[in-house]
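Mapping to full-length UniProt numbering: the sequence shown position 63 is 63, numbers consecutive.
These notes concern the structure reproduced below.
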Amino acid sequence: RKFGCTEFVNPKDHNKPVQEVLAEMTNGGVDRSVECTGNINAMIQAFECVHDGWGVAVLVGVPHKDGEFKTHPMKFVNERTLKGTFFGNYKPRNDLPNVVELYMKK
């Protein structure tokens, strides 16, 4: 809650896909989702739980090199957005040493 989360859902507490649970809880899907584990199934769930028309899923985690992201093409046609990022907007060569330095000063 400290970071703006309003609900927490444990997929193990439900007997249907978590994206369906989230769609029911939120009247059609969440506005934004972020996946940061690199687990392919979690990536698919993060994308499929966003709302048609304006939902955005951001994938931060790095999947296995042989992983395949499979979803129905209509999920894209229904104007859901899928984005990915590697280091956010950081430039590894310049910014990463600064982050390490800030951390070491703590």
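We treat Cβ as the ideally placed atom computed from N, Cα and C, and that holds for glycine.
Inset, instruction - Quickly, what does DSSP pair ARG32 with across the bridge? List them, please. - result: Within the DSSP secondary-structure output, ARG32 pairs in a beta bridge with VAL56.
Legend entry - VAL50 (DSSP reduced to helix, strand or coil): When DSSP states are grouped into helix, strand and coil, VAL50 belongs to the strand group.
Inset, instruction - Using the Cα positions of ALA46 and ASN98, report the straight-line distance between them to the nearest angstrom. - result: Approximately 31 angstroms, taken between the alpha carbons.
Legend entry - At least three beta-carbon pairs within less than 8 angstroms, the stretch 57-65 to the stretch 77-86: As far as the Cβ criterion goes, the stretch 57-65 touches the stretch 77-86, which means the pair count is three or higher.
Inset, instruction - To the nearest angstrom, report how far apart TYR90 and GLU101 are at their CA atoms. - result: Each residue's alpha carbon lies about 15 angstroms from the other.
Legend entry - Nearest to SER33 (by Cα), restricted to the options ASP13, LYS16, LYS65 and GLY4: That would be GLY4, whose Cα lies nearest to the Cα of SER33.
Inset, instruction - Buried or exposed for LEU22, please, with buried defined as at least 16 other CB atoms from any protein chain shown within 10 angstroms of its CB. - result: The residue is buried, with at least 16 neighbouring Cβ atoms inside 10 Å.
Inset, instruction - Pull up the distance between the alpha-carbon of VAL30 and that of HIS14, whole angstroms please. - result: Cα to Cα, VAL30 sits roughly 18 angstroms from HIS14.
Legend entry - Enclosing beta strand (DSSP E) for ALA83 [first to last residue]: First, the residue type needs correcting, since residue 83 is Lys and not Ala in the sequence shown. Counted as a single uninterrupted DSSP element, the beta strand (DSSP E) harbouring LYS83 occupies residues 81-84.
Legend entry - Assigned exposure category for MET25 - 16 Cβ within 10 Å defines buried: By the Cβ-count criterion, MET25 is exposed, with fewer than 16 other Cβ atoms from all chains shown falling within 10 Å of its own Cβ.
Inset, instruction - Can you tell me which of the three DSSP states PRO11 falls into? - result: Assigned with DSSP and collapsed to three states, PRO11 falls in helix.
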